[in-house]
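Shown next, in structure tokens, is the structure this report addresses.
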Amino acid sequence: MKVNVEYEINNECRKKFFILKVPFEVPAYKIFAKHGMYDKETFMYENILPIFHQSTGLNTGPKHYHTTKLNSLLLEDLGASGYKMEDRNKQLNFEESRTILSSLAVFHAASYHLHRMNPALIQAVAHETFFTHRDFVKERLEAGLDAWSKILQREQISSKFIEIFPTLIGKILKDLPLILSGNMFEFNVLNHGDLWTSNILFKRDECGQIEAAKMIDFQNCRWTSPANDIIIFATTSMKFDIFEGQFEELLQGYLRTLNQTLANLGYSKKYTMEHMKSDLEKAKLFRLVILGTYLNVTLSDPDSVVVFEKSNEENLKARNIDKTYNSENYKTTMSKWLKYIDKNELY
Numbered sequence: 001m002k003v004n005v006e007y008e009i010n011n012e013c014r015k016k017f018f019i020l021k022v023p024f025e026v027p028a029y030k031i032f033a034k035h036g037m038y039d040k041e042t043f044m045y046e047n048i049l050p051i052f053h054q055s056t057g058l059n060t061g062p063k064h065y066h067t068t069k070l071n072s073l074l075l076e077d078l079g080a081s082g083y084k085m086e087d088r089n090k091q092l093n094f095e096e097s098r099t100i101l102s103s104l105a106v107f108h109a110a111s112y113h114l115h116r117m118n119p120a121l122i123q124a125v126a127h128e129t130f131f132t133h134r135d136f137v138k139e140r141l142e143a144g145l146d147a148w149s150k151i152l153q154r155e156q157i158s159s160k161f162i163e164i165f166p167t168l169i170g171k172i173l174k175d176l177p178l179i180l181s182g183n184m185f186e187f188n189v190l191n192h193g194d195l196w197t198s199n200i201l202f203k204r205d206e207c208g209q210i211e212a213a214k215m216i217d218f219q220n221c222r223w224t225s226p227a228n229d230i231i232i233f234a235t236t237s238m239k240f241d242i243f244e245g246q247f248e249e250l251l252q253g254y255l256r257t258l259n260q261t262l263a264n265l266g267y268s269k270k271y272t273m274e275h276m277k278s279d280l281e282k283a284k285l286f287r288l289v290i291l292g293t294y295l296n297v298t299l300s301d302p303d304s305v306v307v308f309e310k311s312n313e314e315n316l317k318a319r320n321i322d323k324t325y326n327s328e329n330y331k332t333t334m335s336k337w338l339k340y341i342d343k344n345e346l347y
């Protein structure tokens, strides 16, 4: 809900623009509230992000304002300051990806520092809130398999990956809690957990050059390897040709910023490219989950978008989400991913 406030100071008229997030007015509130998503986001804005700003200067997310309205968030309207979302179906180019990965690196470093200083604060938002239902994940992976098989049939392409994927589903369901809990990794940070195009805002100058970027929506944070945040972002939001041709260059930029920020905070620890690639390998099954449960939603057609703000438990069920696999953009992008997975044996 957008809120515009006009007021006067010394006879001078001024305006403030806010976003009021009121989850209890949303039909799907109970679905998300029982997993603690709204409580987590409020805690992030009130307790975590201000500390990140103090320690690193990180200025991400909208400014948070105190409100007495129960279960609500009063936030700065970033749109009034010139911030805009990019088209989720077009995905992000190299410069857009580089910019947001730099911000993410500072976010990760700040969380590592806070965890060392006050682990209880991080633990308050470290628990998993999205991939908590084994049956839902299994259902989506099976739906994804069906959609992927149809894509390959249409293009008359064979795939070793598709042949063995049914046997992988059990392993994915077994390993996913370990991947998302961070128990498989030596270096963990607080992940944004939902970093895709619609949760990223860019501000540009008159020539269209990026001046700043901000992340929004901190409902799905989790304590795990930074590789998992990067998997979500790269798989859902990076143009595929950028991922295929320049992903390592983007990782190098992320690592430079991460390690420099850690050094500025007084840590000699370095997270190397070797560490990153090892963690990406350990978490490779998570990419398959994202391809089957996320990418179909992020690239869905307007008429098949799952509008969670207007959803209830009944219309969030499988038959409604299944529509999202029919997007031509999803089919085209997924075809590229299937070929890439087969070529590089990412399973």
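Residue numbers for the sequence shown follow UniProt numbering, beginning at 1 and rising by one.
Where a beta carbon is used, it is the ideal one built from N, C-alpha and C, also for glycine.
These figures come from a predicted structure and were not determined experimentally.
Identified DSSP bridge partners for residue i
i, result
"Ala-213", "Phe-202"
"His-64", "Leu-75"
"Cys-207", "None, per the DSSP bridge assignment."
"Met-238", "Leu-92"
"residue 352", "This structure does not reach residue 352, given that the chain is present from 1 up to 347, and the question cannot be answered."
"Asn-10", "In DSSP, Asn-10 forms no bridge with anything."
"Ile-19", "Lys-2 and Leu-75"
"Tyr-83", "Lys-203"
"Asn-191", "Arg-222"
Alpha carbon of residue i to alpha carbon of residue j, nearest angstrom
i, j, result
"Arg-287", "Thr-293", "10 Å"
"Asp-219", "Gly-57", "Before going further, note that residue 219 is Gln rather than Asp in the sequence given. Spanning the two alpha carbons is a distance of roughly 22 Å."
"Glu-142", "Cys-221", "26 Å"
"Thr-332", "Val-3", "39 Å"
"Phe-18", "Phe-130", "27 Å"
"Arg-88", "Leu-145", "23 Å"
"Val-125", "Phe-43", "8 Å"
"Glu-328", "Leu-291", "15 Å"
"Lys-343", "Tyr-254", "26 Å"
"Gly-193", "His-275", "20 Å"
"Pro-119", "Ile-48", "11 Å"
"Gly-79", "Ile-51", "24 Å"
"Phe-107", "Asn-71", "25 Å"
"Lys-40", "Lys-69", "17 Å"
"Asp-217", "Ile-231", "18 Å"
"Gln-200", "Glu-206", "Checking the sequence, you will find Ile at residue 200 rather than Gln. Going from the Cα of Ile-200 to the Cα of Glu-206 covers about 20 Å."
"Ile-157", "Trp-337", "13 Å"
"Arg-204", "Ala-213", "9 Å"
"Arg-140", "Asn-264", "42 Å"
"Leu-250", "Met-37", "30 Å"
"Tyr-330", "Ala-147", "10 Å"
"Thr-236", "Ile-9", "46 Å"
"Gly-208", "Pro-166", "46 Å"
"Phe-247", "Glu-345", "17 Å"
"residue 350", "Pro-302", "Look at the range of the chain in this structure, 1 to 347, and you will see that residue 350 is not part of it."
Whole-Å CB distance - residue i paired with residue j, under 8 Å assumed
i, j, result
"Met-273", "Gln-252", "7 Å"
"Leu-75", "Lys-21", "7 Å"
"Asp-229", "Leu-195", "6 Å"
"Glu-96", "Phe-240", "Not confirmed; about 14 Å, so no contact."
"Thr-99", "Met-215", "About 11 Å separates the two Cβ atoms, so there is no contact after all."
"Ser-111", "Leu-190", "3 Å"
"Thr-298", "Thr-197", "7 Å"
"Tyr-340", "Asn-296", "Actually they do not touch by this definition, with Cβ atoms about 17 Å apart."
"Phe-94", "Ile-242", "5 Å"
Spatial neighbours of residue i in its chain, beta-carbon cut-off 8 Å, leaving aside the 5 residues before and after
i, result
"Leu-168", "Leu-285, Leu-288 and Tyr-347"
"Lys-270", "Asn-259 and Leu-262"
"Leu-180", "Glu-128, Phe-131, Arg-222, Thr-224, Asn-228 and Phe-286"
"Tyr-45", "Gly-61, His-64, Leu-73, Leu-75 and Phe-218"
"Glu-86", "Leu-92, Glu-96, Thr-197, Ile-200 and Phe-202"
"Ile-321", "Arg-140, Ala-143, Asn-296, Val-297 and Val-306"
Nonlocal neighbours in the same chain, by C-beta distance under 7 Å from residue i, ignoring five residues either side
i, result
"Ser-225", "Gly-182, Phe-185, Phe-187, Asn-188, Asp-279 and Ala-283"
"Ser-335", "Ile-151 and Glu-155"
"Leu-173", "Arg-134, Val-137 and Lys-138"
"Asp-77", "Lys-2, Phe-17, Phe-18 and Ile-19"
"Lys-160", "Asp-342"
"Cys-13", "Glu-6"
"Ile-122", "Ser-111, Leu-114, His-115, Leu-190 and Trp-223"
Contact with chain C by residue i, beta-carbon distance below 9 Å
i, result
"Lys-40", "Although the question refers to chain C, the structure presented lacks it and comprises just one protein chain."
Cβ-heavy atom distance, residue i to the ligand GDP, below 8 Å
i, result
"His-133", "This structure simply doesn't include the ligand GDP, nor any ligand for that matter."
Exposed unless 16 or more other CB atoms sit within 10 angstroms - verdict on residue i
i, result
"Ala-234", "buried"
"Ser-103", "buried"
"Ala-105", "buried"
"Gly-245", "exposed"
"His-113", "buried"
"Ser-300", "buried"
"Gly-266", "exposed"
"Tyr-83", "buried"
"Tyr-7", "exposed"
"Tyr-65", "exposed"
"Met-117", "exposed"
"Gln-91", "buried"
"Arg-256", "exposed"
Own chain, CB closer than 6 Å to residue i, minus 5 neighbours either side, in chain order
i, result
"Ile-164", "none"
"Gln-153", "none"
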